[in-house]
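Protein chains in written order, with the numbering used here: chain A, -2 to 157; chain B, 1337 to 1526.
Quick reminder that beta carbons are idealized off the backbone N, C-alpha and C, glycines included.
What follows is a set of notes on a single structure, which appears directly below.
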Amino acid sequence: MKSRRTKIALMLALLAIAVSAVTGLAQSNQPSDDEVNAVAKELYCPVCENIPLDVCPTQACAQWRDLIRQKLSEGWNKEQIKQYFAAQYGDRVLAEPPREGLNWLVYILPPIFFLGGVFLVYRVLSNRKPLAKASTVDAASPAPDDPYLKRLEEELKSRK
Amino acid sequence: MEKTVDNTAISESENRARGLPAWIIVAAFAILVGFLALIAWGLNRAQQPPIQVGDRVPPFTLSTFDGQQIKLDDLDGKIVVVNFWASWCKPCEQEAAEMEQVWLNNQAEGQVVFLGVDWVDTEPEAKRYLQQFQITYPNGPDLRTSISQLFRIKGVPETYFIGKDGRLADFKIGPFTSVAELQGMINRLK
């Protein structure tokens, strides 16, 4: 009788261990909030414009985050999920526009304008330096043979 | 007098030396003009008004949740009711039963087609919504929000009525409050 009870207790203990192991395994497959938000922060919901999906409080956004969680648990990676959302809702849901077509302008124009600006500043500064030097020299040593200066000095002397 | 001429010549040559090469000025000007043209095009596109009553509705295709492809062009000669909705939209729930009831009332006649366009929604929730309200007319996601952009909808629910001639006949912003209201709008187009 005693050995039978021991066997039952042992079987129950084994069952409990097995159940907890399976539950633990299931929970480990479930993506964490941080993992979901890592994808969500690179997406925007068209309903609440300019609010990243990871901080958007609406029900629509909550559903989107649930969908991200579901896709992650199915083994999808970040890029696959972003592509899925772009295909479903359009490129405007992406925080970063895809590098194709007219979108390239977003990536190309700012560096061009920046480099153009740097070039212009360089040109302006490099042309100013010699001018400054020339004016200093002129002020320090006025041309002695200048007939206008001579005439001016004579005029001033004669008025004294 | 000679002195003045010399000074002018010197300053012109200095200016030329200090100025940018002509090709850079032309290129910068071209980039600037191109950039402004692009901004103008974008603004013009963004400010285009929605389809007005009487305008021909541009063609679109709805890919339904059950895999059908419904083209507006194939529905010429029928009254098409396009209803934008979402599972997260509470006002949409108010009109869901009315929409289904009016669809059932008109289905046998074959003159009226209902199309449900699920806007910015997730598929599992959308399917649950359709099941919950027992909606039987064709419904599908607004892929890449292309259909809603045609109508330039502001939110959901919004319903558009396309006449037998393919032109926008009427629309309703917000939920229908009764079967009679929705049926009345359809009857005016028959």
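Determine, using beta carbons only, whether residue i comes closer than 8 Å to chain A.
i, result
"W1424 (chain B)", "yes"
"L1356 (chain B)", "yes"
State the Cα-Cα distance for the pair residue i and residue j, rounded to the nearest angstrom.
i, j, result
"G1413 (chain B)", "N1475 (chain B)", "21 Å"
"K1500 (chain B)", "Q1388 (chain B)", "16 Å"
"Q1430 (chain B)", "A1376 (chain B)", "41 Å"
"A83 (chain A)", "L99 (chain A)", "17 Å"
"P1385 (chain B)", "F1507 (chain B)", "15 Å"
"V1449 (chain B)", "L1479 (chain B)", "20 Å"
"A1432 (chain B)", "E1461 (chain B)", "15 Å"
"R156 (chain A)", "L146 (chain A)", "15 Å"
"G1520 (chain B)", "T1495 (chain B)", "14 Å"
"Q96 (chain A)", "L106 (chain A)", "Going by the sequence as given, residue 96 (chain A) is Arg instead of Gln. One C-alpha to the other measures close to 13 Å."
"V1393 (chain B)", "F111 (chain A)", "44 Å"
"S1514 (chain B)", "E46 (chain A)", "32 Å"
"G1491 (chain B)", "E1459 (chain B)", "18 Å"
"V1418 (chain B)", "L1408 (chain B)", "10 Å"
"P49 (chain A)", "L91 (chain A)", "10 Å"
"P1511 (chain B)", "L1486 (chain B)", "20 Å"
"Q1447 (chain B)", "L1525 (chain B)", "10 Å"
"Q67 (chain A)", "F1371 (chain B)", "42 Å"
"Q1437 (chain B)", "Y1473 (chain B)", "10 Å"
"W1455 (chain B)", "F1420 (chain B)", "6 Å"
"L1411 (chain B)", "W1439 (chain B)", "16 Å"
"Y41 (chain A)", "D1391 (chain B)", "32 Å"
"P144 (chain A)", "K154 (chain A)", "15 Å"
"L1518 (chain B)", "P1477 (chain B)", "23 Å"
"A6 (chain A)", "E76 (chain A)", "50 Å"
"P43 (chain A)", "I78 (chain A)", "17 Å"
"S1423 (chain B)", "I1360 (chain B)", "56 Å"
"L1379 (chain B)", "A1444 (chain B)", "46 Å"
Indicate whether at least one CB of chain B lies closer than 8 Å to the CB of residue i.
i, result
"C42 (chain A)", "yes"
"L69 (chain A)", "no"
"L11 (chain A)", "no"
"R2 (chain A)", "no"
"A57 (chain A)", "yes"
"Q60 (chain A)", "yes"
"L146 (chain A)", "no"
"L64 (chain A)", "yes"
Can you tell me where the alpha helix (DSSP H) with residue i in it begins and where it stops?
i, result
"W73 (chain A)", "W73 (chain A) -> no alpha helix (DSSP H), and no H or E assigned at all."
"Y145 (chain A)", "P144 to R156"
"N34 (chain A)", "D30 to A37"
"I48 (chain A)", "From DSSP, I48 (chain A) is part of no alpha helix (DSSP H); its letter is neither H nor E."
"A92 (chain A)", "Per DSSP, A92 (chain A) belongs to no alpha helix (DSSP H) and is neither H nor E."
"F1420 (chain B)", "Counting along the chain, F1420 (chain B) falls outside any alpha helix (DSSP H), though it belongs to the beta strand (DSSP E) covering I1415 to W1421."
"S1484 (chain B)", "S1482 to F1487"
"R1464 (chain B)", "E1459 to Q1468"
"N1380 (chain B)", "A1358 to A1382"
For residue i, report the span of its beta strand (DSSP E) as first-last.
i, result
"Q1405 (chain B)", "Q1405 to K1407"
"W1439 (chain B)", "Per DSSP, W1439 (chain B) belongs to no beta strand (DSSP E); it is in the alpha helix (DSSP H), K1426 to Q1443."
"F1497 (chain B)", "E1494 to I1498"
"K1526 (chain B)", "From DSSP, K1526 (chain B) is part of no beta strand (DSSP E); its letter is neither H nor E."
"V1449 (chain B)", "V1448 to D1454"
"F1507 (chain B)", "L1504 to I1509"
"P1477 (chain B)", "N1475 to P1477"
"S1399 (chain B)", "T1397 to S1399"
Would you say residue i reaches chain C, if we count a Cβ-Cβ gap shorter than 8 Å as a contact?
i, result
"L149 (chain A)", "Structure shown: chain C not included; protein chains present are A and B."
Kindly examine the ligand NAP and report whether one of its heavy atoms sits closer than 7 Å to the Cβ of residue i.
i, result
"I1375 (chain B)", "Ligands displayed in this structure: none; no statement on the ligand NAP is therefore possible."
- [ ] Compile a chain-ordered list of the residues in the stretch 1455 to 1467 of chain B whose CB is closer than 7 Å to at least one CB of chain A.
- [x] V1456, T1458 and E1461
- [ ] Would you check if there are 3 or more beta carbon pairs closer than 8 Å linking the stretch 1463 to 1473 of chain B to the stretch 46 to 56 of chain A?
- [x] no
Open item on the list: So if I threshold CB-CB distances at 8 Å, which residues from the stretch 1362 to 1376 of chain B count as touching chain A?
Closed with: A1364, I1367, F1371 and L1374
Open item on the list: Three Cβ pairs or more, each shorter than 8 Å: is that satisfied between the stretch 60 to 67 of chain A and the stretch 1490 to 1505 of chain B?
Closed with: no
Open item on the list: Please list, in chain order, the residues of the stretch 103 to 121 of chain A that have any C-beta partner in chain B closer than 9 Å.
Closed with: L106, I109, F110, G113, F116, L117, R120 and V121
TODO: Taking a Cβ distance cut-off of 7 Å, strictly less, list which residues of the stretch 1466 to 1496 of chain B are near chain A, in chain order.
DONE: P1477, L1479, R1480 and T1481
- [ ] Could you run through the stretch 77 to 89 of chain A and flag, in chain order, every residue whose CB is less than 9 Å away from some CB of chain B?
- [x] A83, A84, Q85, Y86, G87, D88 and R89
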